[in-house]
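S.K.: To start, I am sharing the structure in question, which I have written as structure tokens.
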Amino acid sequence: MNKKIRLFTLSTATIIPLVTIACQKTTQEQKTFNSKYIYTDSEYYKGLDGLKGVQLFDELVKIQNRYWTKNIQRKESNYSELYKIYPRAFKDNFYEKDNTVLDIYSENPKGSDPYNFDFKHFDGKGGVDTGKNIKGEGNKYNREHLIPQSWFGRNQQVRTDAHFVWPTDKKVNELRGNSIFAPTPNGKKSLNGTLTSKLTSEPIDEFKGDVARAMFYFVLTHDEYSKQSNFIFEDKKPYIASKYLEIYKDWAKKDAIDAFDIQRNNEIAKVYGGLRNPFCDYPELVDLIFNPGDKVFKDKGVLVSVAN
196 MNKKIRLFTL
206 STATIIPLVT
216 IACQKTTQEQ
226 KTFNSKYIYT
236 DSEYYKGLDG
246 LKGVQLFDEL
256 VKIQNRYWTK
266 NIQRKESNYS
276 ELYKIYPRAF
286 KDNFYEKDNT
296 VLDIYSENPK
306 GSDPYNFDFK
316 HFDGKGGVDT
326 GKNIKGEGNK
336 YNREHLIPQS
346 WFGRNQQVRT
356 DAHFVWPTDK
366 KVNELRGNSI
376 FAPTPNGKKS
386 LNGTLTSKLT
396 SEPIDEFKGD
406 VARAMFYFVL
416 THDEYSKQSN
426 FIFEDKKPYI
436 ASKYLEIYKD
446 WAKKDAIDAF
456 DIQRNNEIAK
466 VYGGLRNPFC
476 DYPELVDLIF
486 NPGDKVFKDK
496 GVLVSVAN
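Next comes the structure, spelled out in structure tokens:
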């Protein structure tokens, strides 16, 4: 069956549909900062048209909680399931295009990677190491909680959420520890340029927006933990302390949604009964919620591709 998809372009003007086309299959495009996004019809954001600011935030929280409660929260926690999700959501189809793990702590977007992981090179039962040790890196990958487990009491369901638990080099993950993502000018530099320190860590520019969108996802989906007012969080909406909110807004704007965000979001949603990261569907959502002006939300469906 053909599925209708819609093409939109983002600018300072109102978002206007350019064309409606039909296709049997939508493929992911190479990583790009093109401003054109292709959507497909979905009821995920039904009822949000015309909203902005706190109203939009509150309604998105309801959507996220509904999907989480229905599809994830009632399931028995399965931490090892993450290693089954990663080959779908974190496959490198964009840089080397070699089907290895797309690891934000080792990917070099401007040249050869210092090392690569096949998906079998995971840390844990059944995993094997690469046989490499390059200044401590490159031996295995494990599960990096972008929001550290200690921040949400190691909740057994939340700790398995692939929308913010990503496959990364084990050593760099250890170096990052429980530090906050923020500018880290004097940090220890990993082989791909990631900076880590005891208090803060900073991903390379290529993935700053990806990390920021995961932070925004967390406060929508796991808002009960964001309200506890610790680390980067505070107990008033939008639950991210203003200092860090400004950092993540800047990161999200400079590193816009790209094909990796789209692949990750759609593949995880397939496993999670549809649960999505709204900030990986709508680049304008950051301003609509955190800097509301005259513009309001327009439901275009869910994002499936970036046009050339």
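Per the working numbering, the very first residue in the sequence shown carries number 196; after that it's consecutive. Where a beta carbon is used, it is the ideal one built from N, C-alpha and C, also for glycine. It should be emphasised that the depicted structure is a prediction, and the values quoted were computed from it without experimental measurement.
1. What are the complete alpha helix (DSSP H) segments, minimum 4 residues, inside the segment 275-356?
2. Identify every residue that forms a DSSP beta bridge with P362.
3. Kindly list the residues whose CB is nearer than 7 Å to the CB of D456, restricted to its own chain and excluding five residues on each side of it in sequence; keep chain order.
4. Starting from Y262, follow its DSSP beta bridges and name the residues at the other end.
5. Let me make sure I understand the geometry here. Which of S345, T355 and S385 has the alpha-carbon closest to that of N373?
6. Quick one: using the 10 Å Cβ neighbour count with 16 as the cut-off for buried, is V249 buried or exposed?
7. In chain order, what are the residue ranges of uninterrupted beta strand (DSSP E) at least 3 long that sit wholly in the segment 358-421?
8. Do you know whose CA, among G245, K231, Y240 and T379, lies nearest P487's CA?
9. Quick one: using the 10 Å Cβ neighbour count with 16 as the cut-off for buried, is L243 buried or exposed?
10. Quick one: residues in its chain with C-beta nearer than 8 Å to the C-beta of T222, no 5 flanking neighbours on either side, listed in chain order?
11. Alpha carbons only, please: which of V481, P380, K431 and T363 is nearest the one belonging to M410?
12. Where does V256 fall in DSSP's three states?
13. To the nearest angstrom, how far is it from the Cα of D364 to the Cα of T391?
14. Going along the chain, which residues of its own chain have a beta-carbon closer than 6 Å to the beta-carbon of D489, five neighbours each way excluded?
15. Is there a Cβ from chain C that is less than 7 Å from the Cβ of G348?
16. Of all the options I280, G306 and Y300, which has the alpha carbon lying nearest to the alpha carbon of K292?
17. Taking one C-beta from the segment 375-382 and one from the segment 315-334 each time, how about it: are there three or more such pairs within less than 8 Å?
18. Is V466 helix, strand or coil by DSSP?
19. Enumerate in chain order the residues of its own chain whose CB-to-CB distance from P343 is below 7 Å, with the five nearest sequence positions on each side excluded.
20. Note down, in chain order, each residue of its chain lying with its Cβ closer than 7 Å to the Cβ of A357, except the 5 sequence neighbours on either side.
21. Between V497 and R471, how many whole angstroms is the CB-CB distance? I'm expecting something under 8 Å.
22. Report the CB separation of T355 from Q259 in whole angstroms; it is logged as a contact under 8 Å.
23. Could you tell me whether the Cβ atoms of T295 and F317 are closer together than 7 Å?
24. I452 to E479, Cα distance in whole Å?
25. Measuring CA to CA, which of I427, K448 and D287 is closest to F194?
26. Using the beta-carbon count (16 or more within 10 Å), is D430 buried or exposed?
27. Rounded to the nearest angstrom, what separates D253 and G326 at their Cα positions?
M.R.: The short version:
1. 277-284
2. R338
3. D405, R408 and C475
4. Answer is none; Y262 lacks a bridge partner.
5. S345
6. exposed
7. 360-364 and 395-397
8. G245
9. buried
10. For T222, the predicted structure reports a pLDDT of 38, less than 50, and the residue's modelled location is therefore unreliable. A value from the coordinates is still provided. Answer for T222: S500, listed in chain order.
11. V481
12. helix
13. 13 Å
14. none
15. Checking the listed chains, one finds no chain C in this structure; it contains a single protein chain.
16. G306
17. no
18. helix
19. N373
20. L277, I280, A284 and I463
21. 7 Å
22. So it is not a contact: roughly 16 Å between Cβ atoms.
23. no
24. 10 Å
25. The structure shown has nothing for residue 194, since the chain only spans 196 to 503.
26. exposed
27. 48 Å
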